[in-house]
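The structure appears below as structure tokens.
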Amino acid sequence: MATNPMHQFNVYRIGPEIKIDQIDISFTNASLFMIISCVSILLIFNLGTSKKNIIPNKIQLLAELSYTFISKMINDTAGSKGKPYFGFIFSLFMFVLFCNMLGMLPYAFTVTSHIIVTFVLASFIFIGVTVIGFIKHGFGYLKLFVPSGVPIVLLPLIVVIEIISYLSRPISLSVRLFANMMAGHTMMKVFGGFVISLGIVGGWLPLSFSVALTGLEILVAFLQAYVFAILTCIYLNDALNLHH
Amino acid sequence: MFIRFVFYYLILSFALFTNVNSAESGGMPQLNPEFWISQIFWLTLSFGFLFIILSKFILPKISNNLELRKSQILENIETAEKQKKESENKIKEYETLILNSKNQARNYFNDARKKIQQDINKKREKLENEINEEINNAEKEIIDLKNKAPEKINKIAMETSADLIKHLIGEEINNSSISAIVEDLAKKNKDKYYGN
Numbered sequence: 011m012a013t014n015p016m017h018q019f020n021v022y023r024i025g026p027e028i029k030i031d032q033i034d035i036s037f038t039n040a041s042l043f044m045i046i047s048c049v050s051i052l053l054i055f056n057l058g059t060s061k062k063n064i065i066p067n068k069i070q071l072l073a074e075l076s077y078t079f080i081s082k083m084i085n086d087t088a089g090s091k092g093k094p095y096f097g098f099i100f101s102l103f104m105f106v107l108f109c110n111m112l113g114m115l116p117y118a119f120t121v122t123s124h125i126i127v128t129f130v131l132a133s134f135i136f137i138g139v140t141v142i143g144f145i146k147h148g149f150g151y152l153k154l155f156v157p158s159g160v161p162i163v164l165l166p167l168i169v170v171i172e173i174i175s176y177l178s179r180p181i182s183l184s185v186r187l188f189a190n191m192m193a194g195h196t197m198m199k200v201f202g203g204f205v206i207s208l209g210i211v212g213g214w215l216p217l218s219f220s221v222a223l224t225g226l227e228i229l230v231a232f233l234q235a236y237v238f239a240i241l242t243c244i245y246l247n248d249a250l251n252l253h254h
Numbered sequence: 002m003f004i005r006f007v008f009y010y011l012i013l014s015f016a017l018f019t020n021v022n023s024a025e026s027g028g029m030p031q032l033n034p035e036f037w038i039s040q041i042f043w044l045t046l047s048f049g050f051l052f053i054i055l056s057k058f059i060l061p062k063i064s065n066n067l068e069l070r071k072s073q074i075l076e077n078i079e080t081a082e083k084q085k086k087e088s089e090n091k092i093k094e095y096e097t098l099i100l101n102s103k104n105q106a107r108n109y110f111n112d113a114r115k116k117i118q119q120d121i122n123k124k125r126e127k128l129e130n131e132i133n134e135e136i137n138n139a140e141k142e143i144i145d146l147k148n149k150a151p152e153k154i155n156k157i158a159m160e161t162s163a164d165l166i167k168h169l170i171g172e173e174i175n176n177s178s179i180s181a182i183v184e185d186l187a188k189k190n191k192d193k194y195y196g197n
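Protein sequences appear in the order of chains A and B.
Just so we're aligned, residue 11 is where the first sequence starts under my numbering, counting upward by one.
Just so we're aligned, residue 2 is where the second sequence starts under my numbering, counting upward by one.
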């Protein structure tokens with residue numbers, strides 16, 4: 011059972027079953043790791059802001075570097091209008107990053123390897139961006155689906171394609187993160203299983219693969235968090251600065 | 002070649018392995034909706050909590066700190082530039098001071114030299130004047146003496162000639178006749194005696 015590569019994604023209840031009107035909201039291992047991520051983020055950033063040194067210490071430098079990193083990312087993609095959404099994008103990036111990174115610990119649960127989690131995040135972003143777009147531009151936001159400079163004959167086709175691509179945003183955003191995390195962790199589990207099954211004689215090759223994959227997965231964990239955040243910025247840019 | 006073989010082998014075993022196991026556990030746990038609501042609930046709760054704490058308390062602190070650092074660094078640079086300018090001014094002041102004092106020293110020296118020279122000149126003039134006066138006096142005396150000399154000589158000549166005559170002849174002769182003769186002789190031989 012432990013060698014099943016999909017076993018690591020199982021969600022199980024921790025503690026008693028909590029039900030509100032027949033809806034099960036029990037505390038699970040997924041909830042535990044969400045809370046661990048949030049607490050560790052808050053802990054690190056609280057430590058990073060407790061002292062106000064002119065020359066920052068290590069943890070303060072970490073907090074300030076991540077601040078300027080996200081702030082620069084928003085400024086580069088969405089311009090100065092994206093500033094009010096800085097808090098949300100910062101929390102989003104940090105949450106996804108910490109969930110991904112905590113998932114790299116042995117026996118840890120990867121929150122972002124569950125489609126429902128990434129889909130909820132992505133659809134929240136999708137709905138939020140759409141609402142912002144309609145608030146900022148009214149029905150003019152629908153111009154997003156009508157690119158300028160397209161021949162009139164092609165226009166119906168292009169509009170349909172644009173609408174489909176717009177509607178598929180939450181799916182692509184969520185599936186990208188979920189699939190990356192699931193595939194990576196499954197691969198690692200599989201190679202880990204091979205190390206055991208091939209034993210001391212043949213186990214070295216999958217072990218080296220496993221080591222290499224760990225490095226790759228840490229990179230992917232960061233990269234997917236970055237991609238998630240930057241795509242959010244790009245969608246936000248579409249809603250804030252309508253220039254298609 | 003060997004690596005490729007091993008790779009194929011691994012992939013094949015992976016396929017078999019997963020088939021066996023997925024048959025056993027029933028596919029992806031992600032698609033099991035049993036805990037979906039729970040996950041959504043806890044995600045909203047934890048992410049909302051994280052978002053509120055970060056954007057209300059922590060991010061303003063970081064941005065404040067960054068601003069503070071920026072302004073402080075700018076301030077420091079400003080004060081450094083000010084102090085640099087001040088020090089440059091001080092150096093200039095110092096240089097002008099040194100130049101002035103050098104000039105002053107030269108002036109003092111020149112003044113002193115002039116004074117000394119003036120003093121020397123004055124004293125020399127005084128001395129020269131005194132010397133000239135004395136020379137003049139001496140010359141006057143000499144001229145006086147020179148002028149008086151013929152009279153005296155005449156007188157002496159008269160007296161001696163009178164005495165001589167008295168001794169020789171034993172008779173006194175009229176003074177006036179002797180003096181007439183002496184004067185006559187003196188006039189005649191004046192050039193011979195005095196040379197001018």
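Cβ coordinates follow ideal geometry from the N, Cα and C atoms, glycine included.
Since the structure is predicted, the reported quantities are computational estimates derived from the model, not experimental observations.
| Item | Value |
| --- | --- |
| For Ile-30/A, which beta-bridge partners are listed by DSSP? | Ile-33/A |
| Report yes if the CB atom of Val-106/A is closer than 8 Å to the CB atom of Thr-122/A, and no otherwise. | yes |
| Mind checking His-195/A: buried by the 16 CB within 10 Å criterion, or exposed? | buried |
| On a CA-only basis, which of Met-159/B, Leu-186/B, Asn-190/B is nearest Ser-177/B? Give me that one, please. | Met-159/B |
| Can you grab the Cα-Cα spacing for the pair Lys-62/A / Met-192/A, in whole Å? | 40 Å |
| Assuming Phe-108/A and Gln-31/B form a contact by the criterion Cβ under 8 Å, report the distance between their Cβ atoms to the nearest whole angstrom. | 20 Å between Cβ atoms; not a contact. |
| I want to verify the contact list: residues of chain B whose CB lies under 8 Å from the CB of Gly-97/A, in sequence order. | Phe-52, Leu-55, Ser-56, Leu-60 |
| When the Cα atoms are used, what is the spatial distance from Pro-26/A to Ile-244/A? | 42 Å |
| Which bits of chain A does Ser-47/B rub up against, with CB to CB less than 7 Å? | Met-44, Ile-45, Cys-48 |
| Pull out every residue of the stretch 29–48 of chain B whose Cβ sits closer than 9 Å to any Cβ of chain A, in chain order. | Met-29, Pro-30, Gln-31, Leu-32, Asn-33, Pro-34, Glu-35, Phe-36, Trp-37, Ile-38, Ser-39, Gln-40, Ile-41, Phe-42, Trp-43, Leu-44, Thr-45, Leu-46, Ser-47, Phe-48 |
| Considering just the uninterrupted stretch of the alpha helix (DSSP H) at Ile-144/B, what are its terminal residues? | 60–170 |
| Would Ala-132/A pass as a contact of Leu-183/A if the rule is Cβ separation under 8 Å? | yes |
| Please return the same chain residues whose Cβ sits closer than 7 Å to the Cβ of Asn-22/B, not counting the five positions on each side in sequence. | Confidence is the limiting factor: at Asn-22/B the pLDDT is only 45, short of 50, which leaves the residue's position unreliable and the question unanswerable from this model. |
| With three or more beta-carbon pairs closer than 8 Å as the criterion, would you say the stretch 142–150 of chain A touches the stretch 70–82 of chain A? | no |
| DSSP three-state call for Thr-122/A: helix, strand or coil? | helix |
| Taking Cβ-Cβ distances below 9 Å as the criterion, which residues of the stretch 101–125 of chain A are in contact with chain B? | Ser-101, Leu-102, Met-104, Phe-105, Val-121, Ser-123, His-124, Ile-125 |
| Output needed in chain order: residues of the stretch 72–87 of chain B with a Cβ under 7 Å from some Cβ in chain A. | Gln-73 |
| From Leu-72/A, Met-197/A, Gly-92/A, Ser-50/A, pick the residue whose C-alpha is nearest to that of Leu-250/A; which is it? | Gly-92/A |
| Are the CB atoms of Ile-99/A and Ala-239/A within a distance shorter than 8 Å? | yes |
| Cβ of Val-21/A less than 8 Å from any chain B Cβ? | yes |
| Run through the stretch 83–148 of chain A for me and flag every whole alpha helix (DSSP H) of 4 or more residues, listed as ranges in chain order. | 96–113, 125–147 |
| How big is the Cα-Cα spacing for Ile-171/A and Ser-207/A? | 49 Å |
| So, at 6 Å on beta carbons, what are the nonlocal neighbours of Glu-25/B in its own chain, with the 5 sequence-adjacent residues on each side left out? | A caution first: Glu-25/B carries a pLDDT of 43, below 50, which makes its placement in the model unreliable, though a value can still be read off. Same-chain partners within the cutoff: there are none. |
| To be precise: take each residue of the stretch 68–85 of chain A, compare its Cβ to all Cβ atoms of chain B, and keep it if any distance is under 7 Å. Which residues remain? | Ala-73, Glu-74, Tyr-77 |
| Where does the unbroken alpha helix (DSSP H) through Gln-234/A begin, and where does it stop? | 214–250 |
| For Arg-23/A, which residues does DSSP report across the bridge? | Thr-38/A |
| Helix, strand or coil, according to DSSP, for Asn-56/A in the structure here? | helix |
| Locate the alpha helix (DSSP H) running through Val-169/A, then write down its first and last residues. | 165–177 |
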